[in-house]
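S.K.: Next up is a structure, given as structure tokens.
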Amino acid sequence: RDLFFNVPARRKFLKTERTEFGHIDQFLRRIALAHPAVAFVLAHNGRIVFDLPPALDAEQCRQRVAAALGEGFMENAMPVEQASSGMHLSGWVAHPSFSRSSTDQQLFYVNGRMVRDRVIAHAVRRAFADVLHYSRHPAFVLSLTLNPADVDVNVHPAKTEVRFRQAGMVHDFLFSTLSRLLAQSNPISSAALTFASEKSAFGPETPAPTQTAATRQYPLSLPIHRPPVRDAARSYEALLQSASLAHGDSKVTPVDNGAAVAEAGKPSLGHALAHVHGVYIIAQNEAGLVIVDAHAAAERITYEKLKAAWAGARIPRQPLLLPVTVSLSEPEADLAETWLEVFETLGIVIDRVGPTQLKVRELPAPLRHADVNQLVMDMLDELAQYGHTEVIERQINKLLSRMACHSSIRANRRLQREEMEALLRDIEATERSGQCNHGRPTWTQLSIQDLDRLFMRGK
């Protein structure tokens with residue numbers, strides 16, 4: 003029977019057969035990820051497009067995700083499993099080096115239903131902010147389970163949007179879980195020495211990422227090792243201390259990679275062999291060769307130390323010689339008045355001087371030259387949506403990132419062996435050391451097998 007015999011207008015709005023089938027394919031793959039215990043078969047013009055058997059254990063679930071998102075995703079995926087306050091989050095998050103040019107591989111399920119929500123998007127974006135370039139997007143498939151009474155699904159005709167009863171709690175749970183995962187994760191391995199273009203399981207190919215050829219990296223198979231090289235690396239330490247916050251006041255939490263105890267004298271990134279063109283450090287470890295971008299690595303290390311030092315200090319306030327008047331709507335001014343203590347905690351002293359006016363009298367010292375109107379408006383927007391704001395933190399982190407960039411090792415500056423060794427040890431001990439502040443990779447691994455393939459050994 004003709005599917006559109008009674009609604010010809012619907013048929014008029016259909017695209018080509020290929021496009022409409024692509025939508026069907028995408029829809030079924032997403033449903034298949036939400037219901038792993040159900041078998042799915044898709045046929046088109048007599049040809050089986052995919053046949054997904056029930057996934058009843060962890061390995062079968064992994065195979066189903068690989069079938070839906072591609073093996074490339076699973077090769078770069080980090081498993082997530084976390085529960086708190088009646089919420090349970092599970093799934094996979096791709097390493098930052100597997101970033102995308104679009105959001106086509108961002109799948110989030112709430113109680114088995116795929117949704118797109120601003121609170122979720124903001125939490126994920128904030129978690130990846132320090133490890134991903136602003137023009138790139140993370141890839142993930144995550145499932146959040148919580149009490150159905152805590153989420154309203156009847157806010158969109160297609161049921162693709164939800165409203166959480168306690169949006170702030172959900173946001174903080176997602177952000178903290180993903181932040182810990184990214185901070186403690188090791189770089190992901192890849193034997194590929196050339197790029198494959200980004201090919202989505204849900205659509206046509208997109209342009210390849212604008213990164214260097216071997217951006218994905220090998221996991222640190224050995225735990226953190228700190229040989230006594232710091233005394234000999236005084237010039238490198240001086241670079242870290244050149245920023246306005248003293249290095250001695252900061253401590254960076256070592257990466258907990260959960261590896262087995264390694265043999266003494268065999269650090270994860272090995273030992274330095276050479277400094278090539280004043281840019282790259284070549285090191286040898288148990289797996290093969292490690293190539294490090296010295297500036298990018300030093301930039302991340304300095305940035306993390308500056309953040310740690312800043313986090314342990316009280317935000318200094320700078321009184322304004324001429325207080326700034328901010329004009330708002332009356333509801334916005336009412337909202338600001340209810341959050342005055344939060345503003346003051348973040349270093350902003352505000353008085354309400356009229357039904358629609360605020361007077362800003364003090365600012366955080368590092369932001370004394372900021373656009374006050376925009377700063378206050380951005381903070382109010384986040385407070386209204388999420389119940390808290392990271393505007394001040396983001397602005398200060400931008401300043402710290404800029405300081406780290408300018409105070410780190412510069413290209414074409416020759417490093418002594420002791421300096422290179424100190425940098426390698428710091429990479430092993432620093433959170434998020436796989437990417438610099440701008441999302442570029444800081445180091446990559448070439449295994450013995452990679453080198454053999456380069457020279458066609460064994461063929």
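In terms of this note's numbering, the numbers along the sequence shown are unbroken and rise by one, the last being 461.
Beta carbons are placed, not taken as given, at the ideal position from N, Cα and C, and that holds for glycine.
Using 10 angstroms around the beta-carbon of ARG138, count the other beta-carbons present and answer buried if the total reaches 16, otherwise exposed.
M.R.: By the 10 Å Cβ count, ARG138 comes out buried.
S.K.: In the segment 345 to 410, which residue ranges form an unbroken alpha helix (DSSP H) of at least 4 residues, counting only runs that do not cross its ends?
M.R.: Within the segment 345 to 410, the complete alpha helix (DSSP H) runs of at least 4 residues are 374 to 388, 393 to 409.
S.K.: Exposed or buried, what is ALA198 when buried is set at 16 or more other beta-carbons lying within 10 Å of its beta-carbon?
M.R.: Note on ALA198: pLDDT 38, under 50, position unreliable in the model; the coordinate value appears next. So ALA198 ends up on the exposed side.
S.K.: How far does the beta strand (DSSP E) with HIS46 in it extend, from its first residue to its last?
M.R.: HIS46 -> beta strand (DSSP E) spans 42 to 46.
S.K.: Which full runs of the beta strand (DSSP E) of 3+ residues lie inside the segment 55 to 133, going along the chain?
M.R.: DSSP runs (the beta strand (DSSP E)) wholly in the segment 55 to 133: 79 to 86, 89 to 96, 108 to 112.
S.K.: Note the first and the last residue of the continuous alpha helix (DSSP H) segment covering PRO29.
M.R.: Going by the sequence as given, residue 29 is Phe instead of Pro. First-last of the alpha helix (DSSP H) with PHE29: 19 to 36.
S.K.: Can you tell me whether PRO269 is helix, strand or coil according to DSSP?
M.R.: If DSSP states are grouped into helix, strand and coil, PRO269 belongs with coil.
S.K.: Nearest-angstrom Cα distance between THR214 and LEU330?
M.R.: Note on THR214: pLDDT 38, under 50, position unreliable in the model; the coordinate value appears next. Near 47 Å, if we compare the C-alpha coordinates of LEU330 and THR214.
S.K.: For PRO357, which option in ASP59, ASP336, GLU364, ALA386 has the closest C-alpha, if you only look at C-alpha atoms?
M.R.: Looking at the Cα atoms, ASP336 is the closest of the given residues.
S.K.: Quick check: the Cα distance between GLN219 and THR446, rounded to an integer number of angstroms?
M.R.: Caution applies to GLN219, whose pLDDT of 41 falls short of 50 and renders its modelled position unreliable; the model cannot decide the point.
S.K.: Could you give the distance in angstroms between the alpha-carbon of ASN414 and the alpha-carbon of MET422?
M.R.: Taking the straight line from one Cα to the other gives about 14 Å.
S.K.: If you draw a straight line from the C-alpha of ARG442 to the C-alpha of PRO140, how long is it?
M.R.: Their Cα atoms are separated by approximately 14 Å.
S.K.: Give the secondary structure of LYS461 by DSSP, where H, G and I count as helix, E and B as strand, and everything else as coil.
M.R.: In this structure, LYS461 counts as coil in the three-state DSSP scheme.
S.K.: Who are GLY280's beta bridge partners in DSSP?
M.R.: Paired residues: none, contrary to the question.
S.K.: Here's a check: name, in chain order, each residue in its chain whose Cβ is nearer than 7 Å to the Cβ of ARG459, leaving out the five neighbours to either side.
M.R.: Cβ neighbours of ARG459 beyond the five flanking positions: none.
S.K.: Can you tell me where the beta strand (DSSP E) holding TRP341 begins and where it ends?
M.R.: TRP341 -> no beta strand (DSSP E), and no H or E assigned at all.
S.K.: On the CB-based measure, 16 or more other CB atoms within 10 Å of its CB, does ASP373 come out buried or exposed?
M.R.: Exposed, because fewer than 16 other Cβ atoms sit within 10 Å of the Cβ of ASP373.
S.K.: Do ALA96 and ARG66 have their C-beta atoms closer together than 9 Å?
M.R.: In this structure, ARG66 does not lie closer than 9 Å to ALA96 by Cβ.
S.K.: Just to confirm before moving on: does the CB-CB distance between ARG462 and PRO318 stay below 9 Å?
M.R.: For the chain, the structure presents residues 3 to 461; residue 462 sits outside this window and is missing.
S.K.: Could you tell me the distance, in whole angstroms, from the CA atom of ALA75 to the CA atom of LEU183?
M.R.: Before going on, a small fix: residue 75 reads as Phe here, not Ala. Rounded to whole angstroms, PHE75 to LEU183 spans 17 Å at the Cα level.
S.K.: Please state the DSSP three-state secondary structure of PHE142.
M.R.: Reduced to three states, the DSSP call for PHE142 is strand.
S.K.: Hey, LEU109 and ARG20 are a contact pair by Cβ (cut 8 Å); roughly how many whole angstroms apart?
M.R.: About 23 Å separates the two Cβ atoms, so there is no contact after all.
S.K.: How far does the alpha helix (DSSP H) with ARG319 in it reach, from first residue to last?
M.R.: Note, ARG319: premise wrong, no alpha helix (DSSP H); beta strand (DSSP E) at 319 to 329.
S.K.: Using the C-alpha atoms, what's the distance from ILE429 back to ALA160?
M.R.: Straight-line Cα distance between these residues: approximately 47 Å.
S.K.: If you draw a straight line from the C-alpha of HIS124 to the C-alpha of ASP4, how long is it?
M.R.: Distance between the alpha carbons of HIS124 and ASP4 is about 44 Å.
S.K.: Under 8 Å by Cβ, that's how I've got LEU365 and GLY349 pegged, so tell me the actual separation to the nearest angstrom.
M.R.: Yes, they are in contact, since the Cβ atoms of LEU365 and GLY349 sit about 7 Å apart, within 8 Å.
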